[in-house]
Ligand SMILES: [Zn+2]
Ligand SMILES: [Zn+2]
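Numbering (the UniProt record's numbering), first residue to last: 1 to 133.
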């Protein structure tokens with residue numbers, strides 16, 4: 001598996017993708033934490049991600065469900081590697097735009113479509129919040 005790095009290189013990880021595509025997240029938290037209109041992710045079993053270097057910090061907030069969401073990020077450069085919505089059990093949301101091949105992947109779905117900016121066009125199947133599991 002290829003190895004991926006945060007912006008400063010202090011953290012490295014490996015990810016096994018299930019699909020060569022992005023899930024766009026339009027939620028307001030992604031806008032605030034990432035500084036962009038949306039984030040580019042894949043929802044994967046926790047075991048698909050393996051941290052190979054460094055130690056992540058955790059920031060916790062409460063999501064729409066009222067359950068905690070833990071965000072794991074580099075303590076030095078603040079790159080967010082993945083988020084864990086505890087309501088999703090052992091699935092995690094991995095920021096796959098950070099992968100080397102991330103820029104060549106197409107969108108497969110959009111979540112939190114209710115928070116999409118009004119001037120953004122729909123590029124994939126959109127769910128108002130999360131897809132039914
Ligand atoms: Zn870093
Ligand atoms: Zn989001």
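Even glycine gets a Cβ: it sits at the ideal position worked out from N, Cα and C.
DSSP places residue 50 within a strand segment (E or B) once states are collapsed to three.
Counting along the chain, the unbroken beta strand (DSSP E) around residue 58 starts and ends at 57-62. For the 9 Å CB-CB criterion, residue 70 and residue 10 do not form a contact.
According to the DSSP assignment, residue 31 belongs to the alpha helix (DSSP H) that extends over 28-34. Using a Cβ-Cβ distance cut-off of 8 Å, the stretch 93-100 and the stretch 119-126 are not in contact, since fewer than three pairs of beta carbons, one from each stretch, lie closer than that value.
Residue 16 sits in coil when the DSSP states are folded into three classes, being neither helix nor strand. By the Cβ criterion, the stretch 58-70 is not in contact with the stretch 9-25, since fewer than three pairs of Cβ atoms, one from each stretch, lie closer than 8 Å. In the three-state DSSP reduction, residue 44 falls in the strand class (E or B). Listed in chain order, the non-local C-beta contacts of residue 16 below 6 Å within the same chain comprise 48, local neighbours out to five positions each way being set aside. 42 is the residue among 42, 88, 84 whose C-alpha sits nearest the C-alpha of residue 19. In the DSSP assignment, residue 72 falls within the beta strand (DSSP E) that extends over 68-73.
Following the DSSP letters along the chain, one finds residue 85 inside the beta strand (DSSP E) bounded by residues 80-85.
In the same chain as residue 124, and ignoring 5 residues on each side of it, the C-beta atoms closer than 6 Å to its own belong to 107, 108, 109, 110, in chain order. Distance from residue 4 to residue 100 at the Cβ level is roughly 7 Å; contact confirmed, criterion being Cβ atoms closer than 8 Å.
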